[in-house]
Structures are given as structure tokens and as C-alpha cells.
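Visitor: Starting off with a structure, shown below.
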Amino acid sequence: MKRPVQGEYPDFYDAYIKLVPEGNIQNILAEQQKAVEDFIPTIQDSQVDFRYAPGKWSLKEVFGHIIDTERIMSYKLLRIARGDKTPLADSK
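The working numbering numbers the first residue of the sequence shown as 15 and each following residue consecutively.
Next up, the structure:
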């Protein structure tokens, strides 16, 4: 699988796509999943609500955001896989 080139996706996603390391995306995702699974048990209850500054997200909120994003992207991929032609909402 090749990295998408500009023009194949909305400009909004450019910074995110550039953050993906080179290599086999399935291997990269498997390594990231393992890293998260290894990290979660090390989190102490006292850390989940910690904010390093006022107005910044807590660790609990960061994980909630990641989970929400995964759900949204999974739904979009399901619609694409089914050939659903209904326009998808803009993710901005």
C-alpha cells in the first residue's frame, strides 16, 4: 500500500498523514496497538484526571477522544466498503 499523495485527500488531513511513519501500515498499526496495550496497565488512578495546565486535556479525555475518532473512522470505512454514496460529513 502506498502513501496517499496530496490531492487524494482533503488538505485538512495533510499534517496527520505526514506523521505516519514509512513502512507497512499493518505492521505500524499492530506495533501501535501493542504499545497502547502495554501502556494502559501502567496508568495509575491518580494519573487519569491529571492536567499539566488549566484547560488542557486529561489522560482520560485524550483516550476518550481517540476512541471517538476510531468509531467515526470505522463508520466511514464501513460506508465506503458498502459503496454507500451518501456524502460523508466533513471531519473538520
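Heads up, the beta-carbon is just placed ideally off N, CA and C, and yes, glycines get one too.
#1: Roughly how many angstroms separate the alpha carbons of residue 45 and residue 36, rounded to a whole number?
#2: Going along the chain, which residues of its own chain have a beta-carbon closer than 8 Å to the beta-carbon of residue 73, five neighbours each way excluded?
#3: Tell me whether residue 72 sits in a helix, a strand or coil according to DSSP, three-state version.
#4: Please report the distance separating the alpha-carbon of residue 52 from that of residue 85.
#5: Tell me whether the beta-carbon of residue 39 lies closer than 8 Å to the beta-carbon of residue 15.
Guide: Taking the geometry as given:
#1: Here residue 45 corresponds to residue number 31 of the sequence shown, with the count starting at 1. Here residue 36 corresponds to residue number 22 of the sequence shown, with the count starting at 1. Rounded to the nearest angstrom, the gap between the Cα atoms of residue 45 and residue 36 is 13 Å.
#2: Residue numbering aside, residue 73 sits at position 59 when the sequence shown is read from its first letter. These residues qualify, in order along the chain: 57, 61, 62, 63 and 64.
#3: Within the sequence shown, the letter at position 58 stands for residue 72. Of the three classes helix, strand and coil, the one that applies to residue 72 here is coil, per DSSP.
#4: For the purposes of this step, residue 52 is taken as the residue at position 38 of the sequence shown. For the purposes of this step, residue 85 is taken as the residue at position 71 of the sequence shown. Residue 52 and residue 85 have their C-alpha atoms some 22 Å from each other.
#5: By 1-based counting over the sequence shown, the position of residue 39 is 25. By 1-based counting over the sequence shown, the position of residue 15 is 1. In this structure, residue 39 sits near residue 15, with a CB-CB distance shorter than 8 Å.
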